[in-house]
Amino acid sequence: MIHHHDFKKLTVAAYQKPKAGNQMCGDSYYVAETPEYFICAVADGLGSGDMAKDSSLAAINVVKEYQDEDVESLMKRANEEMRGKRGCVLSIFKLDLKTRQMEFSGIGNINLIIYQPDGSINRPISFSGYLSGKAQKVKVQTIDYPSGSSFVTYSDGVQISSKNYAMIARFDSVQESFQHLTNSLPSTNDDITLLVGKTV
């Protein structure tokens, strides 16, 4: 399923597909923009199906409810929410639309790639592990995100080869980048979530 999110400062396209044989994708995501910031979160529930969705959606709902808080606080709240659930991996990034500074934090294998207008590529590193409700170290990275930058973030059901990096950055629109990526996705036996975003 494909969704398009057209905000004032950014435009985002999202693609989700459940694991073969499942009706429901165990991944969840959230994107929003305010006059001050843009926020994006992607969660992948452990396993697949309903129980995975329950965990990933619980994490995303926490982010949605408390999105005005900083990224570290959101990660800690999401971790608390995993008590009694299967658990999930999660990445959150929040872009200050005035300073162009992005805060990023990730636990587990959700990937984020940032393409800057000068051709440079930034791949923030997530901590290994997953959110389970137990004490979890949270690390927040601050990244420059100049106007005109674009991003791709995706769950571990997606594999993007390095040869696609330059092509994605070169496309003028999210739709072009998105089309290129979805056309080149190899078949996989896992849930898939892929988001492509670009500054308007």
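Heads up: the sequence shown runs through residues 1 to 200, numbered per the UniProt record's numbering.
No residue lacks a Cβ here, since even glycine has one placed at the ideal position from N, Cα and C.
When the Cα atoms are used, what is the spatial distance from Gly45 to Gln116?
-> In the sequence shown, residue 45 corresponds to position 45, counting from 1. In the sequence shown, residue 116 corresponds to position 116, counting from 1. Cα to Cα, the separation comes out at about 30 Å.
At what residues does the alpha helix (DSSP H) containing residue 203 begin and finish?
-> Because the chain in this structure spans residues 1 to 200, residue 203 falls outside the shown range and cannot be described.
Determine, using beta carbons only, whether Tyr29 and Thr199 come nearer to each other than 7 Å.
-> Counting from one through the sequence shown, the residue named residue 29 turns up at place 29. Counting from one through the sequence shown, the residue named residue 199 turns up at place 199. Cβ atoms of Tyr29 and Thr199: not closer than 7 Å.
Ranges of the alpha helix (DSSP H) found wholly within the stretch 25-73, counting only runs of at least 4 = 50-65
Under the DSSP definition of a beta bridge, which residues are partnered with Met102?
-> The residue labelled residue 102 in the question sits at position 102 within the sequence shown. Met102 is bridged to Leu95 and Ile143.
For Ala78, three-class secondary structure by DSSP = Position 78 of the sequence shown, counted from the start, is the residue given in the question as residue 78. In the three-state reduction of the DSSP assignment, Ala78 falls in the helix class.
Is the distance from the Cβ of Glu72 to the Cβ of Val31 below 7 Å?
-> Your numbering for residue 72 matches position 72 in the sequence shown. Your numbering for residue 31 matches position 31 in the sequence shown. Cβ atoms of Glu72 and Val31: not closer than 7 Å.
Three or more beta-carbon pairs under 8 Å between the stretch 58-70 and the stretch 82-89, yes or no?
-> yes
Euclidean distance between Cα positions of Asn122 and Ile113 = Position 122 of the sequence shown holds residue 122. Position 113 of the sequence shown holds residue 113. Those two C-alpha atoms are separated by around 6 Å.
Cβ-Cβ separation, Gln16 to Asp6 (assumed contact under 8 Å), whole Å = Counted from its first residue, the sequence shown places residue 6 at position 6. Counted from its first residue, the sequence shown places residue 16 at position 16. The pair is not a contact, with the Cβ atoms about 18 Å apart (cut-off 8 Å).
Going by alpha carbons, who is nearest to Phe93 out of Arg83, Lys53, Ile107 and Met82?
-> Numbered from its first residue, the sequence shown carries residue 93 at position 93. The shortest C-alpha separation from Phe93 is found at Ile107.
Do you know how far the Cα of Phe38 is from the Cα of Ser128?
-> As a first step, residue 128 must be located in the sequence shown, where it is residue number 128. As a first step, residue 38 must be located in the sequence shown, where it is residue number 38. One C-alpha to the other measures close to 25 Å.
Using the rule of at least 16 other Cβ atoms within 10 Å of the residue's Cβ for burial, across every protein chain shown, is Glu81 buried or exposed?
-> Here residue 81 refers to the residue found at position 81 of the sequence shown. It is buried - the Cβ of Glu81 has at least 16 other Cβ atoms within 10 Å.
Compare the Cα-Cα distances from Asp190 to each of His4, Lys19 and Ile2 and report the closest residue.
-> Your numbering for residue 190 matches position 190 in the sequence shown. For the residues His4, Lys19 and Ile2, the minimum Cα distance to Asp190 belongs to Lys19.
Anyone know if the C-beta pair for Leu74 and Tyr145 falls short of 7 Å?
-> Taking the sequence shown and counting its residues from 1, the one referred to as residue 74 is at position 74. Taking the sequence shown and counting its residues from 1, the one referred to as residue 145 is at position 145. No, these two residues do not count as a Cβ contact at 7 Å.
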